[in-house]
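Heads up: the structure comes next, in structure tokens.
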Amino acid sequence: MLLQVENVQKSYGDTEILKGVSLGLSRGQSKVIMGPSGTGKSTLLRCINHLTLPDGGRVFLDGEELTPKNINKMREVLAFVFQDFNLFTHLRAIDNVQIGPEKIRGMKKKEARDLAMHELERVGLADRAHAYPAELSGGQQQRVSIARALAMQPKVILFDEPTSALDPELTGEVISVMSQLAADGMTMLVVSHEVNFARQAADEIIFMEGGEILEQGPPSKMFVDPQHKRTRQFLDVLGHEERGS
Amino acid sequence: MNDFVSFAAESLPEILQALPVTLSLWALAMAGGALLGLVFAWCRVYGPKPIYLAATVYVEIFRGTPMLVQLFFIYLGLPEIGIVLDPFTAAVVAIGLNTAAYQAEYFRGAIRSIPSGQMTAARAMGMTQLQGLRWIVLPQALRRVIPQWSNEAILELKYTSIAYAIGVSEITAKAEEIGYTTFRFFEVFVLLALVYIVLTSIVAQILQFVESWTTIPGLRS
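First to last, the protein sequences are chains A and B.
In terms of my numbering, the first sequence has 200 at position 180, counting the first letter as 1, and numbering is strictly consecutive.
In terms of my numbering, the second sequence has 180 at position 178, counting the first letter as 1, and numbering is strictly consecutive.
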């Protein structure tokens, strides 16, 4: 397993958000986590790279456990894409992508620049390289943030609801970039309700409810014949919304 | 009027002899205040509780007492515990410590105004908190703080005149001296006021230029 999550727990006060969640991704796999809101999906993702410190459980990346000591080193190759992009306002698109390899990995400026340009091409934004975030649409900003993640040459990318801050007509461009990444063999763990992405690109759907994983399986099975009644109800509603919109 | 012009032509060069003292006093105090202010701002935003409290106490003391009292304490009070400073140094220290307290508050406000998600994103890439501050938060916060910082710079430029009280011969001291030798206090202080107005206008212009020069779309101050 490239990413191994073992029995991760998290509570806020008396409220148990994660009741011991375990999952694994092997190299090149992409999995989509779905489930009702307030179920702990985003908390799980943040616990995986310790943006939120879990109360218990362990996370391994490529066989090495994440600890407070190695966390910065590990995060370099465990990228995170946020719901609201969080681009650096004062930097042009290309500098947003360049800063990681240059300042964190210590790559030479010229090399980092070329790499940044290459990643912007990959998300289809080479022509907007010199725009500031405020000059980009939401969909473009999210693609820049994906390029920023890619420039760190990560082993795994975690996506936290990457399209839910976007207008419906802008989700498509982000979803197609993500599908391409999955097809290129990137290892991805995605919290999202995008049924199309899940159908096309996910190797497995993980259904979470009430702070635990209820069931998981390939999309062909989960969308057609899930074991749990709750999973069926939820995915049915999602499917209808998708067709309706 | 002609009378004033000829008086001014004679006295202005004398006043301006002391200009380097005023300007270096101001520049050193502002620079020291900016460095210290940044450190205190860090303490107030990111510091653990004891450090946060210490910085808060500092800021409250220096904002809550008159600068003249601080100056007298440093120049006249500290020698009693063995710290003897010459007047110029004492004035730099007093004005610097005072402006540090105000600048800390401006820096703190500017740092807090940067959406916290950007620091989170920096940390998520593997930056340490200091790297995030250095590469992401400060470049934005420093741009945002320019208008307030300009006010502070102009205020302190005028406040350098209190150094007169401990015998630093800056431009106010010089003007008073001219007054006593010519007994033309009215004219000399009008002239001095004009000098201050020109100085503060120049500083304001320069900082306004810096502000527009560093403007970035989407990053309003």
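Note that CB positions come from ideal geometry on N, CA and C, so glycine has one too.
Close-in-space but distant-in-sequence residues of the same chain around residue i (CB under 7 Å, 5 per side omitted)
i: Glu229 (chain A); result: Gly55, Pro56, Thr59, Arg250
i: Arg95 (chain A); result: Asn69
i: Gly159 (chain A); result: Leu186, Leu190, Glu193, Val194
i: Gln220 (chain A); result: Ser199
i: Glu235 (chain A); result: Phe227, Pro246, Gln247, His248, Thr251
i: Leu14 (chain B); result: Leu193
i: Asp82 (chain A); result: Leu22, Lys175
i: Thr24 (chain B); result: Thr162, Glu172, Ile173
i: Gln49 (chain A); result: Thr207, Asp223
i: Leu167 (chain B); result: Reading off the sequence shown, one finds Ala at residue 167 (chain B), where the question assumed Leu. Closer than 7 Å at the Cβ level, and outside the excluded window around Ala167 (chain B), lie Leu70, Leu73.
i: Ile113 (chain B); result: Ala43, Val47, Val139, Ala143
i: Lys93 (chain A); result: none
i: Ala202 (chain A); result: Ser50, Met208, Ala221
i: Ala36 (chain B); result: Gln105
Residue i and residue j closer than 7 Å at C-beta
i: Thr207 (chain A); j: Val244 (chain A); result: no
i: Met32 (chain B); j: Ala155 (chain B); result: yes
i: Met21 (chain A); j: Gly44 (chain A); result: yes
i: Leu65 (chain A); j: Leu178 (chain A); result: yes
i: Val101 (chain A); j: Ala222 (chain A); result: no
i: Glu181 (chain A); j: Gln253 (chain A); result: no
i: Ala102 (chain B); j: Leu38 (chain B); result: yes
i: Asn106 (chain A); j: Gln120 (chain B); result: yes
i: Gly220 (chain B); j: Tyr152 (chain A); result: yes
i: Lys160 (chain B); j: Ala20 (chain B); result: no
i: Val143 (chain A); j: Ala169 (chain A); result: no
i: Thr63 (chain A); j: Ile91 (chain A); result: no
i: Pro141 (chain B); j: His110 (chain A); result: yes
i: Ile76 (chain B); j: Val61 (chain B); result: no
Three-state secondary structure assigned by DSSP to residue i
i: Gly76 (chain A); result: strand
i: Asp180 (chain A); result: strand
i: Ile53 (chain A); result: strand
i: Gln173 (chain A); result: coil
i: Leu234 (chain A); result: strand
i: Tyr32 (chain A); result: strand
i: Thr174 (chain B); result: helix
i: Lys39 (chain A); result: strand
i: Ala99 (chain A); result: strand
i: Ile85 (chain B); result: coil
i: Val25 (chain A); result: strand
i: Gly159 (chain A); result: helix
i: Leu194 (chain B); result: helix
i: Gly60 (chain A); result: coil
i: Ser265 (chain A); result: Because Ser265 (chain A) carries a pLDDT of 46, less than 50, the predicted location of this residue cannot be relied on, and no value is offered for it.
Same chain, Cβ closer than 6 Å to residue i, neighbours up to 5 away in sequence not counted
i: Phe42 (chain B); result: Ala57, Ala106
i: Pro171 (chain A); result: Going by the sequence as given, residue 171 (chain A) is Ala instead of Pro. Counting only Cβ-Cβ distances below 6 Å, and skipping sequence neighbours, we find Val117, Gly120, Pro121, Leu135, Ala136, Glu139.
i: Gly76 (chain A); result: Gln29
i: Ser265 (chain A); result: Legend: pLDDT at Ser265 (chain A) = 46, less than 50; position of this residue unreliable, value from coordinates given subsequently. Cβ neighbours of Ser265 (chain A) beyond the five flanking positions: none.
i: Phe108 (chain A); result: Asn116
i: Pro239 (chain A); result: Ala218, Arg219, Ala222, Ile225
Inter-residue CB distance, residue i and residue j (contact presumed, cutoff 8 Å)
i: Ile97 (chain B); j: Glu158 (chain B); result: 6 Å
i: Gln150 (chain B); j: Tyr182 (chain B); result: Going by Cβ atoms, the distance from Gln150 (chain B) to Tyr182 (chain B) rounds to 39 Å, so no, they are not a contact pair.
i: Ala93 (chain B); j: Val170 (chain B); result: 5 Å
i: Leu134 (chain B); j: Arg125 (chain B); result: Note that residue 134 (chain B) corresponds to Gly in the displayed sequence, not to Leu. Yes, Gly134 (chain B) and Arg125 (chain B) are in contact; Cβ-Cβ is about 6 Å, under 8 Å.
i: Ala149 (chain A); j: Ala99 (chain A); result: About 20 Å separates the two Cβ atoms, so there is no contact after all.
i: Phe64 (chain B); j: Leu30 (chain B); result: The Cβ separation is near 17 Å, so there is no contact.
i: Lys123 (chain A); j: Trp137 (chain B); result: 6 Å
i: Leu209 (chain B); j: Ser152 (chain B); result: 4 Å
Contact set for residue i: own chain, Cβ-Cβ below 8 Å, skip 5 residues either direction
i: Glu26 (chain A); result: Ser42, Gly77, Arg78, Val79, Phe80
i: Phe217 (chain A); result: Val52, Ile195, Met198, Ser199, Val210
Practice task
Output the residue ranges of the alpha helix (DSSP H) runs that lie fully inside the stretch 196–244 of chain A and measure 4 residues or longer, sorted by chain position.
Solution key: 215–221, 239–244
Exercise for the section: Starting from the N-terminal side, write out each stretch of the alpha helix (DSSP H) that is 4 residues or longer and does not extend beyond the stretch 48–128 of chain B. Expected result: 51–66, 69–74, 89–115, 118–126
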